[in-house]
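Chains as they are written, first to last, in our numbering: chain L, 25 to 230; chain A, 25 to 230.
So this is what it looks like as structure tokens:
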């Protein structure tokens, strides 16, 4: 930090270029035994099941309800994507974010019996605060969904919703009862994993 | 501004939520007689022509070289997209941005005979500065290309590269001579026009 902050030094980085990106799952908060977003999706699937009798014969749904990860991931990400589409789409981003917040307010980690947002890593919070105090902008770059992260990362990590880079599904602009709305569509827009991470960083930050 | 800045008032907006978005072409800078990015693409097409004998029989190229906009736009955006792919892809974002800067440094507007970056609207610069002085974050939301805008909007508008929302093409992560690189691909990723604008704002800012 001393070297990059010295305007006369060889390694000086102007504040506008001080950017730090953080993975989320397993870096800023817990990722075991399941990605937290997957735990959310499974709970939501159970909640929505009574409204979807057509799901009864769906092997993905059966696998998910039995937490049978081997079957769910047999075709790579296909089963997981199907699960995400069933539980994460058809509503506005605002409504979806409210569902996320309602779940996080009550869901408990199966081992530690506390809220997931209490299972964040204190040294990482301190590192992010230190970087920000030294002129860095901190971003999350997560394979998780942008709208799953946005509603709570401000309070928990001090990162604004606009500084979240993540996977996203397509939205469609519609007029609903005279109001302009975006509706989350059953199609993946961007998968922010592997090579997607540098692509997402370039797309979002430049 | 008085109303949204009064923490006790009914219309108070906290600074984190003070966001202002601006169209670029025809709003912040000139858009006649051609979108500036289209003028860039046409100049670049002329420059690249000697390296592409296969373009000789391409009606899109002929139309572009003759500035025959009627032919170029006969199939909606198809001709324009083909022109963009021919002139805007195959290199890293850094190399592309350098091409943009080199062009902007010398290109002149056909009527006013000055650089395009001198044809920005002073009242809009003042409005953006006023908003920023009052806690707003200012974004550009343009149908133009994100990487066409990013290298110069900081200096010209005071808007950081990360606060540009625009059309984009896909990039692919590759190892080139041992170095990790993103290469601009001949495929549109996002068209930030019409309904794409609220979708892009949601995707980028939330």
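For each residue, glycine too, the CB sits at the ideal point set by N, CA and C.
Residues of chain L with a CB under 8 Å from the CB of residue i: which are they?
i	result
residue 192 of chain A	227
With distances taken from CA atoms, which of the options is nearest residue i?
i	options	result
residue 204 of chain L	A:66, A:201 and A:223	A:223
residue 111 of chain L	L:187, L:160, L:55 and L:85	L:85
residue 36 of chain L	L:196, L:160 and L:220	L:160
residue 138 of chain L	L:54, L:165 and L:74	L:54
residue 115 of chain A	A:196, A:221 and A:220	A:196
residue 234 of chain A	A:201, A:154, A:93 and A:75	Not covered by the structure: residue 234 of chain A. The range shown for chain A is 25 to 230.
residue 105 of chain L	L:221, L:202 and L:212	L:212
residue 172 of chain A	A:200, A:150, A:40 and A:113	A:113
Mind pulling the chain A residues with CB within less than 7 Å of residue i?
i	result
residue 206 of chain L	222, 223 and 226
Taking C-beta pairs closer than 8 Å, name the residues in chain A that residue i reaches, listed in chain order.
i	result
residue 42 of chain L	Ordered by position in chain A, no residue passes the 8 Å Cβ test against residue 42 of chain L, which lies about 12 Å from the chain.
residue 230 of chain L	117, 170, 171, 174, 185, 186 and 188
Could you round the C-beta distance between residue i and residue j to whole angstroms and report it? I think they count as a contact, below 8 Å.
i	j	result
residue 96 of chain L	residue 70 of chain L	Actually they do not touch by this definition, with Cβ atoms about 15 Å apart.
residue 209 of chain L	residue 194 of chain L	4 Å
residue 117 of chain L	residue 62 of chain L	About 20 Å separates the two Cβ atoms, so there is no contact after all.
Does the distance from the C-beta atom of residue i to that of residue j stay below 8 Å?
i	j	result
residue 225 of chain A	residue 45 of chain A	yes
residue 42 of chain L	residue 121 of chain L	no
residue 48 of chain L	residue 218 of chain L	no
residue 152 of chain L	residue 182 of chain L	yes
residue 128 of chain A	residue 136 of chain A	no
residue 131 of chain A	residue 67 of chain A	yes
residue 230 of chain L	residue 147 of chain A	no
residue 163 of chain A	residue 52 of chain A	no
residue 177 of chain L	residue 216 of chain L	no
residue 227 of chain A	residue 29 of chain L	no
residue 214 of chain A	residue 124 of chain A	no
residue 134 of chain A	residue 57 of chain A	yes
residue 87 of chain A	residue 103 of chain A	yes
For a contact meaning CB atoms closer than 7 Å, what does residue i contact in chain L?
i	result
residue 197 of chain A	219, 222 and 223
What's the call for residue i, buried or exposed, on a 16-neighbour Cβ count within 10 Å?
i	result
residue 59 of chain L	buried
residue 108 of chain A	buried
residue 32 of chain L	exposed
residue 187 of chain L	buried
residue 119 of chain A	exposed
Any beta carbon from chain B within less than 8 Å of residue i's own beta carbon?
i	result
residue 155 of chain L	Included in the structure are the protein chains L and A, with no chain B among them.
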